[in-house]
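Comments concern the structure below.
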Amino acid sequence: MKKAFKIIGWVIGIFLIGAGTIFLVAWKSPAFYKVQKRSPLEQAYVTFIRYSGEHPRPYIIETQGAIIFGAEHTRNPQHREIKMIEEKWKTLKPSIALVEGRLGFLLPGLMDPVANLGEGGKVKQLAEKDDIPIYNWDLSKEELAIQLKSKFSNEQIALAQILQPYFSQLRFGKPSSEADFLQPFFKRAAIVGLEDSIKSVQDIDKVWKKYFSTIDWRNVSDETTLPGYLNDMLAVTNDLRNQQLISVVNELVSKGERVFLICGSSHAYCVGPAFKADK
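Just so we're aligned: 32 in full-length UniProt numbering is position 32 of the sequence shown, and the numbers increase by one with no gaps anywhere.
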């Protein structure tokens with residue numbers, strides 16, 4: 001019996017050591033950067049309604065003290081823009097990096113950062129290598145929800161925020177299980193107090209049919225125009241996020257930082273006027 005307890009103790013000990021090692025080594029999502037003072041230039045952008053999508057990809061802004069790299073969203077480590085990110089990084093030698101959205105779990109050395117996290121994973125890898133701070137330039141879901149409430153209902157906000165990752169995932173293929181994929185995102189309903197109303201795929205189906213009776217959300221991708229109010233919300237959301245991007249970069253540059261920011265190409269194009277972009 002003592003021998004059995006000893007073996008169990010060893011197994012538990014090894015498990016705890018392994019779990020602790022993974023926790024210490026695994027990448028964590030960067031914290032949101034908190035803007036201390038809004039930039040007067042944050043209104044100098046192309047609104048999403050006026051955005052045509054007609055521009056080079058990637059779309060890169062190089063200004064004094066900053067590079068805003070507007071990427072094609074990719075999880076292909078061999079994509080041409082990954083090499084371009086490395087080259088621009090070497091040119092700038094940034095003192096701080098900023099990524100778009102929350103990066104997921106990754107074990108460096110065992111998991112490819114681009115294949116698992118996209119171009120943001122590459123920037124995280126470079127920041128780790130150079131030991132510089134990295135932040136999320138985006139608005140948190142809580143901040144975004146507060147600003148959206150003047151135009152949309154709590155139910156509309158919750159439905160959109162839960163399904164947004166799914167709409168983006170369809171660029172790379174459908175998940176094998178919608179329920180498993182969405183499980184981590186149902187908690188977003190709590191942001192607007194609907195955690196007891198939208199907590200399953202069945203709840204999503206019920207709410208979705210109120211707004212889109214002839215469309216199956218399982219086939220909706222953000223590569224194309226989103227249906228109904230979702231596209232209106234996307235326009236407002238992107239404008240708010242672009243204002244945030246402008247303020248973040250201007251604040252950090254004013255503090256003497258060399259800023260490398262990764263974002264989607266549409267964001268880079270839309271904020272161009274604030275940085276007098278000519279490329």
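Note that CB positions come from ideal geometry on N, CA and C, so glycine has one too.
No experiment lies behind these values; they were computed from the predicted model shown.
If only uninterrupted beta strand (DSSP E) runs of at least 3 residues are considered, those enclosed by the region 226-268 are 259-264. Scanning its chain for C-beta atoms nearer than 7 Å, with the 5 sequence neighbours on each side dropped, one finds around K141 the residues Q161, R188, I191, in chain order.
About 6 Å separates the CB atoms of V249 and V259; that is less than 8 Å, so the two are in contact.
Taking 7 Å as the cut-off, the beta carbon of I215 is found no closer than this to the beta carbon of V123. A distance below 6 Å between beta-carbons, with the five flanking residues on each side excluded, links Y33 to the following residues of its chain, in chain order: Y135, W137, V248.
In the structure shown, P77 adopts coil according to DSSP, grouped into three states.
By the beta-carbon neighbour count (other beta carbons within 10 angstroms, threshold 16), G264 is buried. In the structure shown, A44 adopts coil according to DSSP, grouped into three states.
Secondary-structure assignment with DSSP links V99 through a beta bridge to N136. Between the region 150-165 and the region 194-207 there are three or more C-beta pairs closer than 8 Å, enough to call the two in contact. Ranked by how close their Cα comes to the Cα of F172, the residues P133, N219, S213, L159 have N219 in first place. When the beta-carbon positions are compared, L41 and I246 come within less than 7 Å of each other.
Taking the Cα of G109 as reference, the smallest distance to any Cα among K129, E100, L103, G120 is reached at K129. Taking a 10 Å sphere around the C-beta of G121, we find 16 or more other C-beta atoms and assign the residue as buried. By the criterion of a C-beta distance shorter than 6 Å, G65 is surrounded in its chain by V253, R258, once the five residues flanking it on both sides are discounted. In its chain, beyond the 5 residues on either side, no residue has a beta carbon closer than 8 Å to the beta carbon of E87. Annotation for G118: no beta strand (DSSP E) segment contains it, and DSSP assigns it neither H nor E. Contact check between the region 65-74 and the region 264-276: three or more CB pairs, one atom from each, fall below 8 Å, which counts as touching. Within the model, the alpha-carbon separation for K209 versus A158 is close to 14 Å. Of the candidates S39, G53, G256, T225, the residue whose Cα lies closest to the Cα of F275 is S39.
Judged by DSSP in its simplified three-state form, Y51 adopts coil rather than helix or strand.
Within the region 156-232, the complete alpha helix (DSSP H) segments of 4 residues or longer fall at 178-182, 201-211, listed in chain order.
The C-beta of G272 has 16 or more other C-beta atoms within 10 Å across all chains shown, which makes the residue buried.
Annotation for E142: the continuous alpha helix (DSSP H) segment containing it runs 141-148. Residue burial annotation: I82 is buried, with at least 16 other C-beta atoms found within 10 angstroms of its C-beta. For G70, the enclosing beta strand (DSSP E) has its first and last residue at 66-71. Within the DSSP bridge table, the entry for I60 names F69 as partners.
For P108, the pairing in a beta bridge is given by DSSP as M111.
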